[in-house]
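Below you'll find the structure, written out as structure tokens, and then a few comments.
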Amino acid sequence: MLTDRDRALLEFESRWPGHTAAKEEAVRVELVLAPARYYQLLNRLIDREDAMAHDPLLVGRLRRSRDARRRDRERRLSTAS
Numbered sequence: 073m074l075t076d077r078d079r080a081l082l083e084f085e086s087r088w089p090g091h092t093a094a095k096e097e098a099v100r101v102e103l104v105l106a107p108a109r110y111y112q113l114l115n116r117l118i119d120r121e122d123a124m125a126h127d128p129l130l131v132g133r134l135r136r137s138r139d140a141r142r143r144d145r146e147r148r149l150s151t152a153s
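The sequence shown: position 60 = 132 (the working numbering), numbered continuously.
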């Protein structure tokens, strides 16, 4: 079951897509979290099925984006060897 904080994180992310300095400041002010902590919590949250049920479009987009970044990182590491 999603907590109020879980829903707040998803709502915030839906209003602030992408990674900008303005978003990081909004994370600090609105959510009272360090940006690194926000992204840690968000990444754990999007793995949960209740988050997917709550906002499937947002969670699906975030999962695809995260998976693409992982693939790119793995590709760079394998070609650097």
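C-beta: ideal position from N, C-alpha, C; glycine also.
Leaving out five residues before and five after residue i in sequence, what residues of the same chain have Cβ atoms less than 7 Å from its Cβ?
i: Arg133; result: none
For residue i, which option in the options has the closest C-alpha, if you only look at C-alpha atoms?
i: Asp78; options: Ala140, Lys95, Ile118 and Arg147; result: Ile118
i: Arg109; options: Arg147, Met73, Leu81 and Thr151; result: Leu81
Can you find the residues in the same chain that come closer than 6 Å, C-beta to C-beta, to residue i, ignoring five residues on each side of it along the sequence?
i: Arg141; result: none
i: Val131; result: Ile118, Ala123 and Met124
i: Pro107; result: Glu96 and Val99
Starting from the C-beta of residue i, find all residues in its chain whose C-beta is less than 8 Å away, skip the five residues before and the five after it, and write them out in chain order.
i: Glu102; result: Phe84
Is it true that the stretch 109-119 meets the stretch 80-90, where meeting means three or more beta-carbon pairs spaced less than 8 Å apart? yes
Length-filtered (4 minimum) alpha helix (DSSP H) runs lying within the stretch 100-141: Segments of the alpha helix (DSSP H) lying fully in the stretch 100-141: 107-117 and 121-126.
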